[in-house]
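Residue numbers (the numbering used here): 1169 to 1827.
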């Protein structure tokens, strides 16, 4: 196959046009078919259609009511139902108490400090707009995902049906979640919430199913011997035993909700994401940096709180223990809430009250949030000053010469030549080369799927755009592996270094993907190099993490045997540790590729010419067929490499006796 692919490439100037690119006359009308199916599902029942739009708009009303209620409480949206806004010190104090209850004083400082930061730099309302959607989307995703996970665990047929769907959902570009949500649920927070729920479902379903499957037979037998009914077995045996996996699923739900809420700025969702997009669009990098810091702090806080909840085990008390002692953190939380609310009431009231007219009957008019002017006046923001400082830094000759040299070298000697080379290769040659690669890595079925998937991508009619996407993914993943793997090998040689690098990877993995655009834009402006570097930073995390875990996971007896054979450190690394760690390293490479396919679509916000640019255009109308054709082009390319690399890693693990 590779020989034929090379021959076709060499003979390209003499090939007929039909062997270079698929002629338009041969393309199937995928977009039209999807649009027709969509119109049938969406359309009016009186015209003989399904009429899903009426159901979704009815659901939209209920969801909008919940969102407005939460928004009124968090930042005073002033929509019905009229609920009093909580002062920012109340929320900050309660988050600190929650952090202490779940962890320790460090977590309390992180949680309280994050929300204090948001208030002091004037980003409180933006943060609460973002949090209001997370507060609604996360419980819905947790509940729906948990129920679907239980159903999948109970029914083999459901599991076999839902597993491929979840695989597709995990690699589907986020734009393909946004457009259906907008069409069925209107632009704004409602559509953003629906898209966020759908995006966060897969890990919850998978982790619930996994946890229930891992319950030990002894525990199940004990429950049956106690005479438990099916419902009692589920409630009192299976779910408590699967608590850790279910809580890990909740952690993933919360983090994916935050990541998606930031990205839903593309469909009119206000909050931190929309503000960051606006600031970056006007190249106000200092204010962009402040918003980016807030997003990062919020992500780290939510991640640490949910992880602390995962590891925290239920406390048991002796019979007769007073209620307040059994619920001490709840009591402290209520006391903090009441105390800070009263303080806010008194403080704001004192600033507005005319003491001569004050009576018990009009005292409620002065209730409000303590230091409300702080968050309104942005008293500690340094955004404008940072704008000037960053511009001044970027104006230094050595900075400009360095960034220009990097841009010039990468553009003229790496990116442009490799891009032209990939676009030069005929479509059949690319399909044959990818099929041969998948066949060599995974065997017959991965090879067959690669052939089918890439033929479908070619048939969709956006081949050059797909190749530009693939080029960005390959370039970023190559350099991520080139820089990340040696760093991980160096760290894996010492336990302390390995722990620090894993902690760093854990922290970076909590950051919403949009944040990775900031450092690249600051240094390199809007250019193809910026796109590659932003993807590179994002994809280095799984490369480093899995390389360290693979090397540290090599059986100690293997390493000792190599040392007893007189192997040098270099021989031990190349002949023993790396070969045994290759299955895990391959999984890291696969994760990096999947991350790159996700990030390359996000990079469209700073300007690309690939599938992401086309997908963003679809948001301007109701072109669902167009959107899905582009989205599934990314899905099929990502799944091709995902299936092939995972098959190779599994086969290699069996050969090495590590399965």
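Note that beta-carbon positions come from the ideal geometry of N, C-alpha and C, so glycine has one too. Predicted model, so just to flag it, every value in this text is computed and none were measured.
Item to check | Beta-carbon separation (whole angstroms), residue 1309 vs residue 1368, contact threshold 8 Å | outcome: At roughly 4 Å, the Cβ-Cβ gap stays under 8 Å, so residue 1309 and residue 1368 are in contact.
Checklist entry - Any idea what DSSP makes of residue 1665, helix, strand or coil? => result Shown here, residue 1665 sits in a helix according to DSSP, grouped into three states.
Item to check | Beta-carbon proximity of residue 1688 to residue 1718, cut-off 8 Å | outcome: Cβ atoms of residue 1688 and residue 1718: not closer than 8 Å.
Checklist entry - Expressed to the nearest angstrom, what Euclidean distance is found between the alpha-carbon atoms of residue 1532 and residue 1510? => result Only weak support is given to the placement of residue 1532: the predicted model assigns it a pLDDT of 45, under 50, and the question is left unresolved by the model.
Next on the checklist: Looking at the secondary structure, which residues open and close the alpha helix (DSSP H) in which residue 1303 lies?
Outcome noted: From DSSP, the alpha helix (DSSP H) with residue 1303 extends over 1292–1322.
Checklist entry - How is the alpha helix (DSSP H) around residue 1268 delimited, first residue to last? => result Secondary structure note for residue 1268: its alpha helix (DSSP H) is the uninterrupted segment 1256–1270.
Checklist entry - Using DSSP with H/G/I as helix, E/B as strand and the rest coil, what is residue 1630? => result Note: residue 1630 maps to coil in three-state DSSP.
Checklist entry - Cβ of residue 1445 within 8 Å of Cβ of residue 1463? => result Not closer than 8 Å, so no.
Checklist entry - Helix or strand or just coil, what does DSSP make of residue 1229? => result Assignment of residue 1229 by DSSP, reduced to helix, strand and coil, places it in the helix class.
Next on the checklist: Less than 8 Å between the C-beta atoms of residue 1712 and residue 1652, yes or no?
Outcome noted: Taking 8 Å as the Cβ cut-off, residue 1712 and residue 1652 qualify as a contacting pair.
Item to check | residue 1176 versus residue 1715: straight-line alpha-carbon distance, rounded | outcome: Between the alpha carbons of residue 1176 and residue 1715 lies a distance of about 37 Å.
Next on the checklist: Among 1555, 1427, 1258, 1636, whose alpha-carbon lies nearest the alpha-carbon of residue 1500?
Outcome noted: Residue 1258 is the option with its Cα nearest to residue 1500.
Item to check | For residue 1796, the nearest candidate out of 1292, 1629, 1663 (CA to CA) | outcome: Closest by alpha carbon: 1629.
Checklist entry - So, using beta-carbon positions, are residue 1345 and residue 1380 closer together than 8 Å? => result Between residue 1345 and residue 1380, the gap from beta carbon to beta carbon reaches 8 Å or more.
Next on the checklist: Can you tell me whether residue 1506 is buried or exposed? The criterion is at least 16 other CB atoms within 10 Å of its CB, across all chains shown.
Outcome noted: It counts as exposed.
Item to check | Straight-line gap, residue 1332 to residue 1421 (C-alpha atoms, nearest Å) | outcome: Roughly 19 Å separates the two Cα atoms.
Checklist entry - Is the Cβ-Cβ distance between residue 1295 and residue 1303 less than 8 Å? => result Not a contact, by the Cβ cut-off of 8 Å.
Checklist entry - By DSSP, does residue 1396 sit in helix, in strand, or in coil? => result Of the three classes helix, strand and coil, the one that applies to residue 1396 here is coil, per DSSP.
Checklist entry - Are the Cβ atoms of residue 1235 and residue 1357 separated by less than 8 Å? => result Yes, these two residues count as a Cβ contact at 8 Å.
Checklist entry - Given that a residue counts as buried once 16 or more other Cβ atoms are within 10 Å of its Cβ, and exposed if not, what is residue 1291? => result Residue 1291 sits buried, since 16 or more C-beta atoms from the chains shown fall within 10 Å of its C-beta.
Checklist entry - On the premise that residue 1728 lies in contact with residue 1633, defined as a C-beta separation below 8 Å, what is that separation, rounded to the nearest angstrom? => result So it is not a contact: roughly 53 Å between Cβ atoms.
Next on the checklist: For residue 1599, tell me which candidate among 1607, 1222, 1618, 1584 has the shortest Cα-Cα distance.
Outcome noted: Nearest C-alpha to residue 1599: 1618.
Next on the checklist: Pairs of beta-carbons, one from the stretch 1803–1810 and one from the stretch 1733–1753, closer than 8 Å: are there three or more?
Outcome noted: With the cut-off at 8 Å, the stretch 1803–1810 and the stretch 1733–1753 do not touch.
Item to check | Terminal residues of the alpha helix (DSSP H) in which residue 1352 lies | outcome: Per DSSP, residue 1352 belongs to the alpha helix (DSSP H) from 1343–1353.
Item to check | Nearest-angstrom Cα separation, counted from residue 1557 out to residue 1570 | outcome: Cα to Cα, residue 1570 sits roughly 18 Å from residue 1557.
Checklist entry - How would you call residue 1739, buried or exposed, if buried means at least 16 neighbouring beta carbons within 10 angstroms? => result With fewer than 16 Cβ atoms within 10 Å of its Cβ, residue 1739 is classed as exposed.
Checklist entry - With respect to the alpha helix (DSSP H) encompassing residue 1814, which residues constitute its N-terminal and C-terminal limits? => result In the DSSP annotation of this structure, the continuous segment of the alpha helix (DSSP H) that includes residue 1814 starts and ends at 1792–1823.
Checklist entry - Can residue 1764 and residue 1707 be called in contact, C-beta distance under 8 Å? => result Taking 8 Å as the Cβ cut-off, residue 1764 and residue 1707 qualify as a contacting pair.
Item to check | Cβ-based burial, residue 1414 [other Cβ within 10 Å; buried from 16] | outcome: Buried, because 16 or more other Cβ atoms sit within 10 Å of the Cβ of residue 1414.
Checklist entry - Are the Cβ atoms of residue 1773 and residue 1685 separated by less than 8 Å? => result In this structure, residue 1685 lies closer than 8 Å to residue 1773 by Cβ.
Checklist entry - Start and end of the alpha helix (DSSP H) containing residue 1251? => result Counting along the chain, residue 1251 falls outside any alpha helix (DSSP H), and DSSP gives it neither H nor E.
Checklist entry - According to the neighbour-count rule (16 or more other Cβ atoms, all chains shown, within 10 Å of its Cβ), is residue 1268 buried or exposed? => result Buried, because 16 or more other Cβ atoms sit within 10 Å of the Cβ of residue 1268.
Checklist entry - How should residue 1488 be labelled, buried or exposed, when 16 other C-beta atoms within 10 angstroms of its C-beta is the threshold for buried? => result Residue 1488 counts as exposed, since fewer than 16 other C-beta atoms from the protein chains shown sit within 10 angstroms of its C-beta.
Item to check | Under the three-state DSSP convention, the category residue 1596 falls into | outcome: Helix.
Next on the checklist: I'd like the span of the alpha helix (DSSP H) that includes residue 1569, first residue to last.
Outcome noted: For residue 1569, the enclosing alpha helix (DSSP H) covers residues 1565–1577.
Next on the checklist: Comparing C-alpha positions only, which one of 1553, 1245, 1655 sits nearest to residue 1454?
Outcome noted: For residue 1454, the closest of 1553, 1245, 1655 by C-alpha to C-alpha distance is 1553.
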